[in-house]
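Counted from 1, the sequence shown has number 59 at position 53 by this note's numbering; the numbering is strictly sequential. From the three backbone atoms N, C-alpha and C, an ideal C-beta is built for every residue, glycine too.
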Amino acid sequence: MSLDRLLSNWRAEASIASNISDWRSLPARPARYLPIPDNLHPALQSALQSLGITALYTHQAEAWEHSQAGQHVAVVTGTASGKTLCYNLSVLDHLLRNPQACALYIFPTKALAQDQAANLYALLEALPAMQRDAAPPVAIYDGDTPAHSRARLRSQARLLITNPDMLHIGILPHHTRWAHVLSQLQFVVLDEMHMYRGVFGSHVANVLRRLQRLARFYGAQPRFLLASATIANPAELAEKLIEAPVSLVTEDGSGRGQRHFLLYNPPVVDADLGLRRSALQESVRLAEDLLAYRQQTIIFGRSRRTVELILAYLRERAALPSNAAQPGAPQRSQSERVNENDEKDSQAEVIRGYRSGYLPQQRRAIEEGLRQGSVRTVVATNALELGIDIGGMGAAVLVGYPGSIAATWQQAGRAGRGQEDALALLVATADPLDQFLAAHPEYLFERSPEHALINPDNLLILLAHLRCAAFELPFQQGDAFGRVEPAQLAEFLDFLEGQGNLHHAGSQYFWMADQYPAQEISLRSASAQAVLLQTWQDDQAVTIGQVDQASANWMVHPQAIYLHEGQTYLVENLDMEANIAWLRPTGSDYYTVPSKETSVSLIEQYQSQPVPGGGKAYGEILVTSQVTGFRMVKWYTHEQLGIGPLAMPASELLTTGYWLSISEETVEHLRQQGLWNNDPINYGPNWAAQRELARARDGYRCQVCGAPEQGRAHDVHHKTPFRTFTSYAQANVLENLVTLCHACHRRVETAVRVRSGLAGLAYVLSHLAPFSLMCDVGDLGVHADPQSPITDGQPTVVIYDQIPAGIGFSQRLFELHDDLILRARQLVSACACSDGCPSCVGPGGEQGVGGKRETLSLLEALAEQV
7 MSLDRLLSNW RAEASIASNI SDWRSLPARP ARYLPIPDNL HPALQSALQS LGITALYTHQ
67 AEAWEHSQAG QHVAVVTGTA SGKTLCYNLS VLDHLLRNPQ ACALYIFPTK ALAQDQAANL
127 YALLEALPAM QRDAAPPVAI YDGDTPAHSR ARLRSQARLL ITNPDMLHIG ILPHHTRWAH
187 VLSQLQFVVL DEMHMYRGVF GSHVANVLRR LQRLARFYGA QPRFLLASAT IANPAELAEK
247 LIEAPVSLVT EDGSGRGQRH FLLYNPPVVD ADLGLRRSAL QESVRLAEDL LAYRQQTIIF
307 GRSRRTVELI LAYLRERAAL PSNAAQPGAP QRSQSERVNE NDEKDSQAEV IRGYRSGYLP
367 QQRRAIEEGL RQGSVRTVVA TNALELGIDI GGMGAAVLVG YPGSIAATWQ QAGRAGRGQE
427 DALALLVATA DPLDQFLAAH PEYLFERSPE HALINPDNLL ILLAHLRCAA FELPFQQGDA
487 FGRVEPAQLA EFLDFLEGQG NLHHAGSQYF WMADQYPAQE ISLRSASAQA VLLQTWQDDQ
547 AVTIGQVDQA SANWMVHPQA IYLHEGQTYL VENLDMEANI AWLRPTGSDY YTVPSKETSV
607 SLIEQYQSQP VPGGGKAYGE ILVTSQVTGF RMVKWYTHEQ LGIGPLAMPA SELLTTGYWL
667 SISEETVEHL RQQGLWNNDP INYGPNWAAQ RELARARDGY RCQVCGAPEQ GRAHDVHHKT
727 PFRTFTSYAQ ANVLENLVTL CHACHRRVET AVRVRSGLAG LAYVLSHLAP FSLMCDVGDL
787 GVHADPQSPI TDGQPTVVIY DQIPAGIGFS QRLFELHDDL ILRARQLVSA CACSDGCPSC
847 VGPGGEQGVG GKRETLSLLE ALAEQV
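Next comes the structure, spelled out in structure tokens:
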């Protein structure tokens, strides 16, 4: 039943061991302790002892010392290392000694706030009985706080728990109601600091400027206590958020058992096509073993659909005897099975899902089940990546690379607590980036996590918060705003006066517009409106979940199969005006996959300029995405059962973009050198006949999943890429052709695609741009088109703001063009890889060409005179 026994079986079992591309064992680490400080309040010392805490980890003691010295503190240690106590001790000690003092806790999500409140309540409940009455009242103030409770909280709370959004829109604009908190504010806690990056982090930094400005107005100067997961630049991020020096605590004193980290690459099932077995199915297979060996496990999926598919597969497989085989399902491993019949009737409670869209009460129940141990396996999106207390996981399974090194270690760190051994397992998908990591595990294990970048002085973000600050409190001549100096601030205030927002009288700037500015600003640039998912139970409408408006068209379109807690529902109607989707439970043997199309069109070009090798421009663009149909895909076999047309309303993002076009002269120069592979392929005069012969030979069925043609002719694929041949006759021989359905063809193309120089250029520019802009990768979108309509058919790379109306990134990239191209050229030429990797132009396919030479030649043409 032990983890060691399971790992021994995996080592001995060829069908598993042969697919493990790397196995790292991180040694156990004993905990390092220091005595509980003598100057800690005696009631807190007693509470810790009653909870079984007789000493502090060294990092907890170090954080205490820095805080007692009056310093701002940032603690960056591992998952489950006790960071919460680093700030709770300092705050509660001060609030117990000073009955007027107040504190503010800020968490990025409501779920995390609820969880950390429970930790606070437990610590306060452990105080000696005589001290409990003197304990500071703790209150959560967020969007879920009932209206009738808010007045009482404002008047009584001394330890207020909230999130950045509520602070921005519900507290700071109404600061007179919170005067007793702001005037006595001694501490501000900012947990999960690494979440405050990019546009969101830049907004939050300005919200903190407004908070400190109001605190000073009321006579307070709070200390900040910050906690974070591991990032490359914690001190830099902390100091930019609070605009003050911090004492950094990074030496983790908590103990841990041995950690095993496995990279698992599913086996090849078709060597000719380079197809591997589904990462999803392999994850289910391995999770079955973990469940059988009673290892409490968290499985991270990269999408909500992945979560629900794994959940359904696991529950179905767990309900079958070990010798039963679901048609088309992967065979169970030969690892020793234990407790075959243990609680088969309660798998729905033993195996749970967790993602956005579940109702809050469902999520709280799942979290409690994880803590108590009644939930043995949870399948989750990154919603459980944050520090919510979910007990001690024995294993974490990552279905696909999460997208960053920091996120990988954060998810892997959810397994392991105390001195028990733990397992992290990354199952690679067919995605080129996953395949690169499987082939080059040192990239994951030997590189530092990414930087978290913010730019609080982004002009549009700054002006938005200056409007909010002026509404909250008039500006005086000579004022600063954080690190915005008085002279520069005066220029901004004069600009806002010219916009009709402010009125300048004497030495003051007053807010004079009618609107309430905070209501117009979303910190996360996302709609708060949700579509409720309703079904009928006992003749009553029941809400089972919700999705955000932006996702409704592709998640709950009519005839979609919606997966919720492993149950399948058929969407009968989607009413976007009422924000309701009506669902009916169904026992379908398939799920649906939407077909989406995205295009970029030009609205207005603000500025353009010739550059070496092409041209640069920026302006207003429209990014249009539309669900045009859906595919019905059979469970397990992934056979395409049919397609359905849809005419869903298009989703439009009106934003700003920067684009770089490649001139025809540059393209022709590269073409002559054989370094341009974006031209449409001419398959030769015999292609139509050879294509028909291949389809007939294969019986008009997909040779991977077996799906027959239905209405649309299947694709015919070149096993060895067409471009690698010197003549069409050699490329189009029947032995090199195979019939594939559209879905399987896309999987194969992912595995063997030849990466073009244009795609490599888009990759490197989109990854360098966030560093130049001090934003997050997710704040930008990228679109590469060999025949772009916004440049009259020229090859073009567009990088655009992922925020409606844009926030100025595009103009800045236009201005930074020369530097961007120069840095890109230096990066690609200096990279030690042979032909493309995630550090330069992106990996090619597992059997493909990475495009490094093509990209570098293109960059050299673009950097000729830079």
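Practice task
State whether the segment 239 to 254 contacts the segment 713 to 722, with contact taken as three or more CB pairs (one from each stretch) at a distance under 8 Å.
Solution key: With fewer than three CB-CB distances shorter than 8 Å, the segment 239 to 254 does not count as touching the segment 713 to 722.
Exercise for the section: Give the single residue among Val81, Thr574 and Ala141 whose Cα lies nearest to the Cα of Met199. Expected result: For the options Val81, Thr574 and Ala141, the alpha carbon positioned closest to that of Met199 is the one of Val81.
Exercise for the section: Kindly indicate which three-state DSSP category Met201 falls into: helix, strand or coil? Expected result: In the three-state DSSP reduction, Met201 falls in the helix class (H, G or I).
Practice task
Check whether the Cβ atoms of Val290 and Leu254 sit closer than 9 Å, and answer yes or no.
Solution key: No. Outside cutoff.
Exercise for the section: Spell out a yes or no on whether the segment 279 to 299 and the segment 54 to 61 are touching, meaning 3 or more CB-CB pairs, one atom from each, closer than 8 Å. Expected result: No, the segment 279 to 299 does not touch the segment 54 to 61.
Handout entry: Straight-line gap, Leu178 to Cys474 (C-alpha atoms, nearest Å)
Key = Here the alpha carbons of Cys474 and Leu178 stand approximately 9 Å from one another.
Practice task
Report the three-state DSSP secondary structure of Lys725 (helix, strand or coil).
Solution key: The answer is coil: DSSP assigns Lys725 none of H, G, I, E or B.
Practice task
Please state whether DSSP places Phe113 in a helix, a strand or coil.
Solution key: In the three-state scheme derived from DSSP, where H, G and I count as helix and E and B as strand, Phe113 is classed as coil.
Exercise for the section: Examine the ligand ZN and report whether any of its heavy atoms sits within less than 8 Å of the Cβ of Val639. Expected result: This structure lacks the ligand ZN, and indeed carries no ligand of any kind.
Practice task
Could you say which of Asp807, Ile42, Val629 and Ser362 lies nearest to Cys781 if we only look at CA atoms?
Solution key: The option with the nearest alpha carbon to Cys781 is Asp807.
Exercise for the section: Would you mind listing the alpha helix (DSSP H) stretches within the segment 359 to 433 that are 4+ residues and don't spill past its ends, in chain order? Expected result: DSSP runs (the alpha helix (DSSP H)) wholly in the segment 359 to 433: 366 to 378 and 411 to 418.
Problem - Rounded straight-line distance, which links the Cα of Trp542 to that of Leu365 - result: Computed Cα separation, rounded: 17 Å.
Exercise for the section: Can you give me the Cβ contacts of Arg453 inside the same chain, cut-off strictly under 8 Å, excluding the 5 residues immediately before and after it? Expected result: Within the same chain, Arg453 has close Cβ partners Ile411.
Handout entry: For Phe815, the three-state DSSP class (helix, strand or coil)
Key = In the structure shown, the three-state DSSP call for Phe815 is helix.
Exercise for the section: State the Cα-Cα distance for the pair Ile610 and Thr672, rounded to the nearest angstrom. Expected result: Looking at the sequence itself, residue 610 is Glu, so the reference to Ile does not match. Rounded to whole angstroms, Glu610 and Thr672 show a C-alpha spacing of 26 Å.
Handout entry: According to DSSP, residues forming a beta bridge with Ser605
Key = Paired residue(s): Thr630.
Problem - Residue closest to Arg377, alpha-carbon to alpha-carbon, out of Arg361, Ser362, Asn388 and Gly400 - result: Arg377 has its Cα closest to that of Gly400, out of Arg361, Ser362, Asn388 and Gly400.
Exercise for the section: Report buried or exposed for Asp44, applying the criterion of at least 16 other Cβ atoms within 10 angstroms of its Cβ. Expected result: When all chains shown are included, Asp44 counts as exposed.
Exercise for the section: Find out if the Cβ-Cβ distance for the pair Leu771, Leu779 is shorter than 9 Å. Expected result: Leu771 is not a Cβ neighbour of Leu779, given a cutoff of 9 Å.
Practice task
Could you tell me if His100 is buried or exposed, where buried requires 16 or more neighbouring beta carbons within 10 angstroms of its beta carbon?
Solution key: Flag for His100 reads buried.
Practice task
Give me the Cα-Cα distance between Thr861 and Asp10, rounded to the nearest whole angstrom.
Solution key: In a straight line, the C-alpha of Thr861 is about 47 Å away from that of Asp10.
Exercise for the section: Report yes if the C-beta distance between Leu110 and Thr151 is below 9 Å; otherwise report no. Expected result: No, they are not a contact pair.
Exercise for the section: Could you tell me which of Ala124, Asn25 and Ile357 sits nearest to Ala386, measuring between CA atoms? Expected result: Of Ala124, Asn25 and Ile357, the residue nearest in Cα terms is Ile357.
Handout entry: Best match in Gln302, Arg361 and Gly506 for proximity to Val553 [C-alpha to C-alpha]
Key = The option with the nearest alpha carbon to Val553 is Arg361.
Handout entry: Three-pair Cβ contact test at 8 Å for the segment 672 to 681 versus the segment 716 to 732
Key = Counting Cβ pairs under 8 Å, fewer than three are found: no touch.
Practice task
Report the residue from Ala141, Gln696, Asp500 and Val803 whose alpha carbon sits nearest the alpha carbon of Tyr769.
Solution key: With distances taken between Cα atoms, Tyr769 lies closest to Val803.
Practice task
Go through its chain and collect everything with a Cβ distance to Tyr664's Cβ below 6 Å, but skip five positions before and after it.
Solution key: Correct list, in chain order: Tyr624, Ile805, Ser816, Leu819 and Phe820.
Handout entry: Residue span of the alpha helix (DSSP H) that contains Ala132, given as start and end
Key = Per DSSP, Ala132 lies in no alpha helix (DSSP H) segment and is marked neither H nor E.
Practice task
Classify Arg943 as helix, strand or coil using the three-state DSSP reduction.
Solution key: The question about residue 943 has no answer, for the chain in this structure spans 7 to 872.
Practice task
Classify Thr182 as buried or exposed, calling it buried when 16 or more other Cβ atoms lie within 10 Å of its own Cβ.
Solution key: In the assembly as shown, Thr182 is an exposed residue. Its beta-carbon has fewer than 16 other beta-carbons within 10 Å.
Practice task
To the nearest angstrom, report how far apart Gln130 and Arg138 are at their CA atoms.
Solution key: Just to set this straight, residue 130 is Leu in the shown sequence, not Gln. C-alpha separation (whole angstroms): 7 Å.
Problem - DSSP state of Leu317 mapped onto helix, strand, coil - result: Reduced to three states, the DSSP call for Leu317 is helix.
Exercise for the section: Leaving aside the five residues before and after Gly799 along the sequence, list all residues of the same chain whose C-beta is less than 7 Å from its C-beta, in chain order. Expected result: If we look at Gly799 and ignore the five residues flanking it on each side, its Cβ neighbours are Gln793.
Practice task
Would you give the residue range spanned by the alpha helix (DSSP H) that Phe731 belongs to?
Solution key: For Phe731, no alpha helix (DSSP H) segment is defined, and its DSSP state is neither H nor E.
Exercise for the section: State the Cα-Cα distance for the pair Thr598 and Leu576, rounded to the nearest angstrom. Expected result: If you take the alpha carbons of Thr598 and Leu576, they lie about 10 Å apart.
Exercise for the section: Starting from Pro651, trace the alpha helix (DSSP H) both ways and give me its first and last residue. Expected result: Element bounds for Pro651: not the alpha helix (DSSP H) but the beta strand (DSSP E), Gln646 to Pro651.
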